[in-house]
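Colleague: There's a structure below that I have some questions on.
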Amino acid sequence: MGACSSGKQSFEKGDYDRAVYQAVNRLQKDPNNKKALTTLQQAYRYAREDHQSRIKNAINSSEVFHWETVVQEYESMNSLIESVSRCPTCRQIISTEDKYQEQVEKAKEKAAEVRYTLGVKLLSENNRQSAKEAYQHFERADQFIPDYKDVRQKLNTAYQAAILKVVVEPVEIEKGIYKLSNEYFQNKIFEYLQHYEEKSFIKFYTPQEARSKTLVPDHVLSLSFDDFVVGQTYLKEKEQEVSRDSVKTGTVEGKEVYGTVKAKYITFEKTISSSGLLDLRVMDWKSKNTLTQEKMPGTFVWRDEWATYKGDERALDKEQKKKVKRRESPNPAPQFLFVEFTKPIYNQLTRKIESFYRKY
């Protein structure tokens with residue numbers, strides 16, 4: 487509906503920019519639409535006056551980031567001009583030669599300078615929180631003017647000062663048959679931590695990396711299984727009498743004989759349970775205080791069902807016959823069971839890490 491509008495309603499509501507865009511869209515489809523032509527002339531003049539008024543107010547303002555408002559307003563006016571320039575009919579009544587590119591560049595220069603100066607001041611305070619804020623200011627300056635002064639170098643300096651260094655002590659399991667599965671579990675954790683680094687000021691290191699870089703960590707995150715059990719097997723057997731009436735059992739003197747057939751139906755259910763309890767602890771390296779600690783349980787139960795019978799098969803229903811055809815499945819490998827019970831632990835662990843380090 488907006489694409490078909492002449493823009494008059496938006497104009498009457500004081501939304502002059504929207505009125506211009508709607509009028510342009512209408513004139514591109516219907517160049518002779520008088521209502522849209524009138525709206526475009528009036529709305530463009532009012533929109534331009536409003537933007538220029540906001541630019542003047544922003545320049546005279548004491549607000550720290552007022553040049554960013556100036557940039558935004560000039561870019562909004564340039565967007566209006568670009569829209570008009572793509573419409574031949576519109577260009578006949580609105581000049582598209584007076585774009586404000588020079589004004590935009592000058593305002594961006596001043597906006598970048600403000601952000602850069604704030605970043606330098608914060609960086610000189612030599613603390614992690616100020617370095618984080620400085621990084622954000624340098625990043626914003628670089629967005630306004632790419633490679634502004636030595637902003638790339640300042641970004642790197644601020645990032646290095648802002649990162650929280652965390653050494654992650656992985657789970658160590660001596661039992662040989664679980665070694666491969668434990669490596670899979672640990673690799674999943676480190677993949678998550680590497681992804682987390684990309685969107686934060688936290689950097690995680692293995693103990694080997696920390697030693698090779700001779701770095702002093704801020705935190706030590708340790709993981710250990712308090713206990714785990716893999717492959718506890720339980721077999722449940724259930725026996726029941728089943729029967730079916732009105733089943734043909736034979737013939738007597740040429741006549742079919744019907745009666746009740748019976749069978750003893752035996753079901754087997756085998757479950758193999760595996761579980762463990764992972765301890766997560768984050769310690770402050772300098773004070774040696776525990777910052778957070780949590781136990782995370784995980785359980786996986788593998789099930790297998792099959793059945794057999796004694797007696798007349800016709801006494802069994804469809805589902806019972808289907809289960810009778812099944813045979814006992816081989817037990818899954820211990821490595822598979824280990825991986826499966828660690829999956830819910832992994833989900834808890836990643837949520838906890840994200841929640842805890844969000845404040846850093």
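Per the numbering used here, residue 487 is the first one in the sequence shown, and the count goes up by one each step. Every residue, glycine too, gets a C-beta built ideally from N, C-alpha and C. Here the structure is a predicted model, which is why all the values come from computation and not from measurement.
For residue 786, count the other beta carbons within 10 Å of its own beta carbon; 16 or more makes it buried, fewer makes it exposed. Which is it?
Modeller: With 16 or more other Cβ atoms within 10 Å, it is buried.
Colleague: Taking all protein chains shown into account, do 16 or more other C-beta atoms lie within 10 angstroms of the C-beta of residue 577, making it buried, or fewer, making it exposed?
Modeller: The residue is exposed, with fewer than 16 neighbouring Cβ atoms inside 10 Å.
Colleague: What residue range is occupied by the uninterrupted beta strand (DSSP E) comprising residue 792?
Modeller: Residues 776-797.
Colleague: Within the same chain, show all residues whose beta-carbon is closer than 7 Å to that of residue 507, passing over the 5 residues directly before and after it, in chain order.
Modeller: Within the same chain, residue 507 has close Cβ partners 569.
Colleague: Under 8 Å by Cβ, that's how I've got residue 609 and residue 617 pegged, so tell me the actual separation to the nearest angstrom.
Modeller: Residue 609 to residue 617, Cβ: 6 Å. Contact.
Colleague: Between 624, 556, 613, which lies nearest to residue 592 when the distance is taken from Cα to Cα?
Modeller: Closest option to residue 592, Cα to Cα, is 556.
Colleague: At a cut of 8 Å, does the stretch 709-718 reach the stretch 762-774 through at least three beta carbon pairs?
Modeller: Cβ pair count under 8 Å is three or more, so yes.
Colleague: What is the rounded straight-line gap between the Cα of residue 504 and the Cα of residue 644?
Modeller: C-alpha separation (whole angstroms): 41 Å.
Colleague: Assign residue 819 to buried or exposed, taking buried as 16 or more other Cβ atoms, counted over all protein chains shown, within 10 Å of its Cβ.
Modeller: It is exposed - the Cβ of residue 819 has fewer than 16 other Cβ atoms within 10 Å.
Colleague: What separation, rounded to the nearest whole angstrom, lies between the Cα atoms of residue 814 and residue 758?
Modeller: C-alpha separation (whole angstroms): 13 Å.
Colleague: Are the stretch 719-729 and the stretch 666-676 touching, with three or more C-beta to C-beta distances below 8 Å?
Modeller: They do not touch, by the three-pair rule.
Colleague: Could you tell me which residues DSSP pairs with residue 713 in its beta bridges?
Modeller: Answer is 763, bridged to residue 713.
Colleague: Where do the ends of the alpha helix (DSSP H) carrying residue 630 lie?
Modeller: Looking at the DSSP string, the run of the alpha helix (DSSP H) that includes residue 630 is 614-630.
Colleague: Where does residue 689 land, buried or exposed, given buried means 16+ other C-beta within 10 angstroms?
Modeller: Its Cβ being crowded by 16 or more others within 10 Å, residue 689 is buried.
Colleague: What three-state label does DSSP hand residue 736 in the structure shown?
Modeller: DSSP places residue 736 in strand when its eight states are reduced to three.
Colleague: For residue 496, I'd like the list of residues in its chain whose CB is within less than 7 Å of its CB, leaving aside the five on either flank, ordered along the chain.
Modeller: Excluding sequence neighbours, residue 496 sits near 504, 505, 508.
Colleague: Just to confirm the assignment: which complete alpha helix (DSSP H) runs, minimum length 4, are found wholly within the stretch 527-586?
Modeller: For the stretch 527-586, whole alpha helix (DSSP H) runs of length 4 or above, ordered along the chain, are 552-571, 574-577.
Colleague: Which residue comes first and which comes last in the beta strand (DSSP E) that contains residue 650?
Modeller: Run containing residue 650: 650-655, per the beta strand (DSSP E) assignment.
Colleague: Which of helix, strand or coil does DSSP assign to residue 702?
Modeller: Correct three-state label for residue 702: coil.
Colleague: Verify whether the separation of the beta carbon atoms of residue 620 and residue 598 is less than 7 Å.
Modeller: Not in contact: residue 620 and residue 598 (Cβ atoms no closer than 7 Å).
Colleague: So, with DSSP's three-state summary, where would you put residue 489?
Modeller: Unreliable placement is indicated for residue 489, whose pLDDT of 47 sits below 50; the coordinate value is still reported in the next sentence. Correct three-state label for residue 489: coil.
Colleague: Based on Cα-Cα distance, which residue from 738, 654, 551, 502 lies nearest to residue 563?
Modeller: Selected option, being the one with the closest Cα: 502.
Colleague: Assign residue 800 to one of three DSSP states: helix, strand, or coil.
Modeller: In the structure shown, residue 800 sits in a helix (DSSP, three-state: H, G or I).
Colleague: Per DSSP, which one or two residues make a beta bridge with residue 745?
Modeller: Paired residues: 733.
Colleague: Here's the rule: buried if 16 or more other CB atoms are within 10 angstroms of the residue's CB, otherwise exposed. What is residue 839?
Modeller: Buried.
Colleague: DSSP three-state label for residue 677, please.
Modeller: DSSP places residue 677 in helix when its eight states are reduced to three.
Colleague: Rounded to the nearest angstrom, what separates residue 575 and residue 517 at their Cα positions?
Modeller: Using only the alpha carbons, I get a separation of about 6 Å.
Colleague: Over the uninterrupted alpha helix (DSSP H) stretch that includes residue 832, give me the two end residues.
Modeller: It spans 820-843 - the alpha helix (DSSP H) in which residue 832 sits, taken as one unbroken run.
Colleague: What is the C-beta distance between residue 801 and residue 732, in whole angstroms, given that I count them as a contact (C-beta under 8 Å)?
Modeller: No, residue 801 and residue 732 are not in contact; Cβ-Cβ is about 12 Å, not under 8 Å.
Colleague: Check whether the Cβ atoms of residue 704 and residue 777 lie closer than 7 Å to each other.
Modeller: No; because the gap between Cβ atoms is not below 7 Å, this pair is not in contact.
Colleague: Considering Cα atoms alone, identify which of 773, 809, 548 is closest to residue 755.
Modeller: Among 773, 809, 548, the Cα nearest to that of residue 755 is on 809.
Colleague: Return the first residue and the last residue of the alpha helix (DSSP H) that residue 515 is part of.
Modeller: Element bounds for residue 515: 502-515.
Colleague: How many angstroms separate the CA atom of residue 553 from the CA atom of residue 783?
Modeller: Cα to Cα, residue 553 sits roughly 54 Å from residue 783.
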